Amino acid sequence: IADAWRNTPTKWYPLPIFVGALLLVAINYRHRRTQSPRDGEEKMHVDRDGNEVIRLRGPLQVHVLGALPLRNLSRLWGYLNSFELPVWFRPTGFRVYSTIFGCDLTEIEHSDLTHYKSLGDFFYRRLKDGARPIDSAVLVSPADGRILHFGTVKGLRVEQVKGLTYSLDALFGSSEPSTPSSVVSETIAFANRDHEIVDDEEFANVNGIDYSLDQLFGAHATRPSSPDPSGSFSSSSSSSSSSSASSSGTTTPSSPRSPSPSSLDDMSVEEINKPRKFGEQHDASVPQPDTISQVSHDASVAADIGVRPPLLRSSSGLRTNPKNDLFFTVIYLAPGDYHRFHSPAAWVVEKRRHFMGELFSVSPYMAKRLQNLFVLNERVSLLGRWKHGFFGMVPVGATNVGSILLNFDKDLRTNVRGRRQPPGTFTEAVYTKASSVLRGKPLRPGEEMGGFCLG
Amino acid sequence: STIVLVFEAPKNFAFDVQAGQKIKVGQRLGDV
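Chains as they are written, first to last, in my numbering: chain A, 718 to 1172; chain B, 126 to 157.
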C-alpha cells in the first residue's frame, strides 16, 4: 500500500473533474438562492418587512438533497411511470409492488390487475365501495396513512416534530394583495400582522419542528391569471412574502346557479346528516347549474355547519373564537397507501392556494431533520369553514408524488415545467361560485376530494 | 405525501388517535 501510495501516478480525468465542478456550482447556486438575500437579517430570520424567512435548515444530508433537482426528478419519475405496461406483465408487476409496499389488493376497485395500464394508474387506484366506512365523529381521517403528529396550535406555530415548528402564516398565507414586483423571490416569508387570531399563532411540524400558518397556507394575492373557462371561481397569483399591498385579483364570469329555497327546505336534516359509506359520495366535480343533487348536497353540508357569513376575514383566514382552540394533525401517506384523499368533515372550501415549492421527501425521517419541510414543499392549502369555525386542509407534495389533484378544481396544475414562480408565492382560486348558498365548495365527511399522483 | 389539517374547535375537542398510529379514510380522528 505504501509503495502504491508513493509510486502510483495521479491521472486527472476530465469527466469527473467536470462533474465535480458542476456539482459545486449547483450547490453554490442553491445555497445562494435559499440562504442569503440579506445577510444582516439572517440572524433574525425575518426580512425587511418583518416577515418570517423560511430557509433550508438541517443536517448535511438535507443540504445534499436540497442540491438535487428534485422537481425534475419527480417529473421524470411520473413520466416513466406513465408508460403503458405489457398486459402480461401487469398482474405480476403490481403484485410485486404490492408485496414490497404493503398494498391490500383485496380492497381495490378492479381485482383484475390488467385493468391498470401503468404503475401511475395503479398508484392512483380507487377502492371498492364500502371499503372505508365513515365514522360519525365530527372529524375523520382524510386519507390512509400514519399519524405523524397532532395537538393544539400554540403561538401560531405548528409543531412538525417535537421541538421543530413552523408558522401558520407560512402554511396558509395571508390575503393581502400585492404586485408581482413586491415578491421576495429569495425567501418564503410571510406577514403575520394582518392576522386577527386571538392569542396563539403557532403550530407544529413533527417532534418539535413547527411552521407558520401563513407559510403553510399562503399570504398575499397578486396578479390576475387568465379567466377561468368554467366560470366557477376567480383566480389570482399571489406572494406570501411581501406585505406591500396593491389590489389586483380578478373575478371571472360566474356560473348561473341559484338553488331554489324550496328544494333546500324539503331536505330532512336526519337524511342530510346520515353518515355515508365510502363510495356513496357524490361526484365532487364542480356542480352544474341548478341540479337537484347539488342543491341537496349544499343543503346537507349547510345543515351540518350552518349557513354563516364566511369566517375568512383575516390574512390567513384565521379568526378564532376565544372559546375555541386551533388544533392540527399531520398524516403521512406511505408509497403503498391508497393515495386519494377525502373530506375529513362537513365543511365548505372557500379558497385554495397553490404554493410553488420544493419536493423533498416527506417521510418521517425527513420530517425529523428538515425544519419547515411542510412549508418548503409544494402544497395546496384549502381554506374554509365548518360548524366550529375555521377549517384548513393542506395536501403536501413529495418527490415521488408531486402532482396534487382536486376533483372540483380542474384548473389546478402542480409540479409543472416551465418558468417557476418564486418560492413562497402562490396562485389562488376562490370557490364562491360553487355554491350560492354556502359561498364555497361544500363537502360531506368522507367525500372524495382528490389525490396524489406519481410525478 | 402528507396531509396537514388545521381547524378551530371547542376546547373540549379530543383526538382519538396516537402519534405513529396507522389510520384509514373515514376512521375517527377526534370528536367534541
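Don't be surprised by glycine CBs; every beta carbon is placed ideally from N, CA and C. Treat the numbers as computed from the prediction; the structure is a model and nothing was measured.
Contacts between I864 (chain A) and chain B, judged by CB atoms closer than 9 Å, involve F140, V142, Q143, A144, G145, Q146, K147, I148 and L154 in chain order. Taking 7 Å as the cut-off, the Cβ atoms of G795 (chain A) and L1171 (chain A) count as close. Here the alpha carbons of Y730 (chain A) and R1069 (chain A) stand approximately 52 Å from one another. The beta carbon of R842 (chain A) is closer than 6 Å to those of I825 in its chain, skipping five residues each way along the sequence. With contacts defined by Cβ atoms closer than 7 Å, I128 (chain B) and I1121 (chain A) do not form a contacting pair. Only exposed fits K136 (chain B), as fewer than 16 other CB atoms lie within 10 angstroms of its CB. Annotation note: the segment 853–887 of chain A contains the following uninterrupted beta strand (DSSP E) runs of length 3 or greater, listed N- to C-terminal: 862–869, 874–878 and 881–885. In the three-state DSSP reduction, G847 (chain A) falls in the coil class, being neither helix nor strand.
The contact set of L773 (chain A) on chain B, defined by CB atoms closer than 7 Å, is empty, because the minimum CB distance reaches about 18 Å. If you draw a 10 Å sphere on the C-beta of K1158 (chain A), you find 16 or more other C-beta atoms in it, and that means buried. Contact of G1119 (chain A) with chain B is not assigned, every C-beta pair being separated by 7 Å or more. In terms of beta-carbon proximity, F735 (chain A) stays away from the interface with chain B, with every pair separated by 7 Å or more. The segment 1052–1059 of chain A makes no contact with the segment 1145–1152 of chain A, as fewer than three CB pairs between them are under 8 Å.
With a threshold of 16 other beta carbon atoms within 10 Å, N789 (chain A) falls short and is exposed.
Per DSSP, T1046 (chain A) lies in no alpha helix (DSSP H) segment; the continuous beta strand (DSSP E) that holds it begins and ends at N1041 to Y1049. Beta-bridge partners of R1057 (chain A) (DSSP): A:G1168. For R792 (chain A), no CB of chain B lies under 7 Å from its own CB, so it is not counted at the interface with that chain.
Beyond the five residues adjoining it in sequence on each side, N1041 (chain A) comes within less than 8 Å, by CB distance, of H1105 and G1106 in the same chain, given in chain order. Only those residues of the segment 842–860 of chain A whose C-beta falls short of 7 Å from the nearest C-beta of chain B are listed: R849, P850, I851, D852, A854, V855, L856, V857, S858, P859 and A860. Around the beta-carbon of R849 (chain A), 16 or more other beta-carbon atoms lie within 10 Å, marking it buried. When Cβ pairs closer than 8 Å are counted between the two stretches, the segment 815–829 of chain A is seen not to touch the segment 138–148 of chain B, the count staying below three. Your pair G1163 (chain A) and G151 (chain B) checks out as a contact, with CB atoms roughly 5 Å apart and the cut at 8 Å.
Bounds of any beta strand (DSSP E) do not take in D720 (chain A); it lies within the alpha helix (DSSP H) bounded by A719 to N724. Inclusion of H1071 (chain A) and T1116 (chain A) in the CB contact set at 7 Å is not warranted, their separation being larger than that value.
Taking the C-beta atoms as reference points, P808 (chain A) is found no nearer than 7 Å to L844 (chain A). If you draw a straight line from the Cα of P776 (chain A) to the Cα of R1086 (chain A), it is about 7 Å long. Within chain B, the residues whose beta carbon sits less than 7 Å from that of M1110 (chain A) are I128 and L130, listed in sequence order. Taking a C-beta cut-off of 7 Å against chain B, the contacting residues of the segment 1063–1090 of chain A are V1079, listed in chain order. Contact annotation, G1074 (chain A) with R1057 (chain A): C-beta distance approximately 22 Å; criterion of less than 8 Å not satisfied. For L830 (chain A), no beta strand (DSSP E) run applies, since DSSP gives it neither H nor E. Around the CB of Q778 (chain A), fewer than 16 other CB atoms lie within 10 Å, so the residue is classed as exposed.
Distance from L888 (chain A) to V875 (chain A) at the Cβ level is roughly 6 Å; contact confirmed, criterion being Cβ atoms closer than 8 Å. Taking a 10 Å sphere around the C-beta of L873 (chain A), we find 16 or more other C-beta atoms and assign the residue as buried.
F138 (chain B) is not a Cβ neighbour of F1108 (chain A), given a cutoff of 7 Å. From the beta-carbon of L1050 (chain A), the residues of chain B found nearer than 9 Å are S126, T127 and I128. In summary, N724 (chain A) is exposed, with fewer than 16 beta-carbon neighbours lying within 10 Å of its beta-carbon over all protein chains present.
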